[in-house]
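Note sheet for the following structure.
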Amino acid sequence: TTNDIDLGANELDIAAALNQNVEAYMSIAYDGSPPEIGPRTTNSNFSLNLGFVNIGNLDKTPIYFTAGQLFVPFGRYSSSMISAPLTMNLARTKTRPFILGYKSQGDTGPFAATYIYRSDTTLGRSGVGGANFGYVFGYNDWHGELGTSYISSMNDSAGMQRTAGLPNTFGGFGSLLNGSEYVRKTQAIDFYGNVAYDRFNFAAEWTSAIESFRAQDLSFNGRGAHPQAGQTEFDMTFKVFNKPASIGVGYQWTRDALALNLPEQRITGVFNISIWKDTVESLEYRHDIDYARTQYANGSAPPGVINEPTLGTGHSADTVSAQIGVYF
9 TTNDIDLGAN
19 ELDIAAALNQ
29 NVEAYMSIAY
39 DGSPPEIGPR
49 TTNSNFSLNL
59 GFVNIGNLDK
69 TPIYFTAGQL
79 FVPFGRYSSS
89 MISAPLTMNL
99 ARTKTRPFIL
109 GYKSQGDTGP
119 FAATYIYRSD
129 TTLGRSGVGG
139 ANFGYVFGYN
149 DWHGELGTSY
159 ISSMNDSAGM
169 QRTAGLPNTF
179 GGFGSLLNGS
189 EYVRKTQAID
199 FYGNVAYDRF
209 NFAAEWTSAI
219 ESFRAQDLSF
229 NGRGAHPQAG
239 QTEFDMTFKV
249 FNKPASIGVG
259 YQWTRDALAL
269 NLPEQRITGV
279 FNISIWKDTV
289 ESLEYRHDID
299 YARTQYANGS
309 APPGVINEPT
319 LGTGHSADTV
329 SAQIGVYF
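Sequential numbering from 9 applies to the sequence shown in our numbering.
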């Protein structure tokens with residue numbers, strides 16, 4: 009049993025409407041990851057998380073253009089949990105793209121975006137991209153959205169660039185000691201949707217590589233891995249002593265993602281409440297189930313280096329998290 013008290017995600021967001029057609033946004037984030045040596049407080053650094061310019065006026069035209077450092081429109085990753093969903097851990101990609109998008113000017117209707125960026129991987133061409141399409145719908149008390157996304161290089165996701173694995177095992181394609189960017193770019197696809205009725209909301213998402221990785225790039229049980237992840241979640245809002253609150257339960261799973269340090273299954277539950285203005289207090293329970301002890305995985309390594317395999321444990325882990333969020 010282990011326990012911890014930490015300062016979680018912290019951001020300072022700055023948005024500027026320069027005129028009717030141009031907006032700028034910048035997010036400065038706190039880095040709370042522990043240093044390799046010394047106390048955690050010595051790593052209290054701030055860095056640019058997001059920064060971009062958006063050109064367009066949706067009151068006049070449904071077309072917009074965005075450029076800068078931000079998350080590409082691949083996947084939705086909707087969740088009320090404290091912990092990020094496994095779909096996000098696997099596939100969310102932050103880079104410096106050019107995005108050309110379309111959004112219906114009404115409350116409902118289609119939306120679309122296409123984007124290009126320079127890949128972190130070095131094998132083959134450097135230019136990659138993708139697209140996102142969907143539809144926002146509403147009928148009486150029912151509303152929600154359905155969509156699908158495509159990306160031509162799943163390798164650039166944060167979860168594949170850094171795995172936070174054990175020392176000497178595959179550390180991600182971006183790891184200097186236990187990884188390599190000289191890998192084949194692998195395409196991926198994502199399907200997502202959420203439906204809300206009155207106080208109830210249901211969300212589901214599935215993301216997957218379209219093809220298997222080369223075994224020397226990312227493997228599972230000795231073959232090329234075909235990583236994928238899925239998520240389902242049900243939430244309900246209500247009042248507690250006249251305070252807005254919600255509960256949520258979810259089930260998530262992965263396939264061929266052992267080398268990425270992700271569990272095979274996850275069961276989650278959360279209770280959120282706003283006791284004080286501009287705050288959200290949350291309590292989450294998470295049950296993770298690891299891959300079986302007979303399963304093993306690996307990934308790319310620098311020239312002359314062979315990573316130790318990542319081994320399944322067959323064990324499960326339970327985590328209880330409490331969080332206070334403050335917004336201003």
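Note that the Cβ used here is the ideal one computed from N, Cα and C, for glycine as well.
Spatial distance of residue i from residue j (CA atoms)
| i | j | result |
| --- | --- | --- |
| residue 301 | residue 235 | 18 Å |
| residue 177 | residue 39 | 24 Å |
| residue 305 | residue 181 | 14 Å |
| residue 249 | residue 240 | 29 Å |
| residue 213 | residue 198 | 7 Å |
| residue 122 | residue 262 | 27 Å |
| residue 140 | residue 279 | 32 Å |
| residue 207 | residue 223 | 46 Å |
| residue 312 | residue 318 | 19 Å |
| residue 126 | residue 298 | 34 Å |
| residue 145 | residue 75 | 28 Å |
| residue 268 | residue 168 | 7 Å |
| residue 32 | residue 257 | 36 Å |
| residue 130 | residue 334 | 41 Å |
| residue 225 | residue 71 | 38 Å |
| residue 205 | residue 285 | 26 Å |
| residue 56 | residue 271 | 30 Å |
| residue 275 | residue 259 | 5 Å |
| residue 5 | residue 233 | The requested residue 5 is not part of the displayed model; the chain covers only 9 to 336. |
| residue 187 | residue 78 | 24 Å |
| residue 124 | residue 320 | 36 Å |
| residue 114 | residue 96 | 29 Å |
| residue 36 | residue 58 | 7 Å |
| residue 166 | residue 189 | 13 Å |
| residue 175 | residue 30 | 46 Å |
| residue 162 | residue 128 | 11 Å |
| residue 287 | residue 34 | 22 Å |
| residue 265 | residue 273 | 11 Å |
| residue 185 | residue 18 | 29 Å |
Cross-strand partners of residue i (DSSP beta bridge)
| i | result |
| --- | --- |
| residue 56 | 36 |
| residue 237 | 215 and 262 |
| residue 244 | 208 and 255 |
| residue 295 | 275 and 326 |
| residue 231 | 228 |
| residue 21 | 35 |
| residue 61 | 32 and 75 |
| residue 318 | 305 |
Proximal residues to residue i (C-beta, below 6 Å), its chain only, five neighbours per side dropped
| i | result |
| --- | --- |
| residue 28 | 65 |
| residue 159 | 82, 138 and 196 |
| residue 108 | 73 and 122 |
| residue 118 | 112 and 143 |
| residue 324 | 297 |
| residue 307 | 178, 226 and 267 |
| residue 120 | 110 and 141 |
| residue 116 | 144, 145 and 146 |
| residue 326 | 295 |
| residue 22 | 34 |
Cβ neighbours of residue i in the same chain (closer than 7 Å, five flanking residues each side left out)
| i | result |
| --- | --- |
| residue 251 | 281, 282 and 283 |
| residue 202 | 86, 152, 153, 209, 210 and 211 |
| residue 219 | 194 and 195 |
| residue 25 | 31 |
Buried or exposed (CB count within 10 angstroms, at least 16 for buried), residue i
| i | result |
| --- | --- |
| residue 132 | exposed |
| residue 292 | buried |
| residue 150 | exposed |
| residue 7 | Nothing can be reported for residue 7: it is not among the residues displayed for the chain, which extend from 9 to 336. |
| residue 216 | buried |
| residue 243 | buried |
| residue 147 | exposed |
| residue 104 | exposed |
| residue 231 | exposed |
| residue 246 | exposed |
| residue 80 | buried |
| residue 173 | buried |
| residue 4 | Here the chain comprises residues numbered 9 to 336, so residue 4 is not present and cannot be evaluated. |
| residue 229 | exposed |
| residue 421 | A question about residue 421 goes unanswered here, because the residues of the chain that appear run from 9 up to 336. |
| residue 134 | exposed |
| residue 221 | buried |
| residue 20 | exposed |
| residue 62 | buried |
| residue 98 | buried |
| residue 67 | exposed |
CB contact check: residue i to chain D, cutoff 9 Å
| i | result |
| --- | --- |
| residue 313 | Protein chains in the displayed structure number just one, and chain D is not present. |
- Note down, one range per segment and in chain order, each beta strand (DSSP E) of at least 3 residues found wholly within the region 145-219. 150-159, 196-205 and 208-217
- Unbroken stretches of the beta strand (DSSP E), 3 residues or longer, contained in the region 266-292: 273-281
- Item | Whole alpha helix (DSSP H) elements within the region 91-152, 4-residue minimum | 94-99
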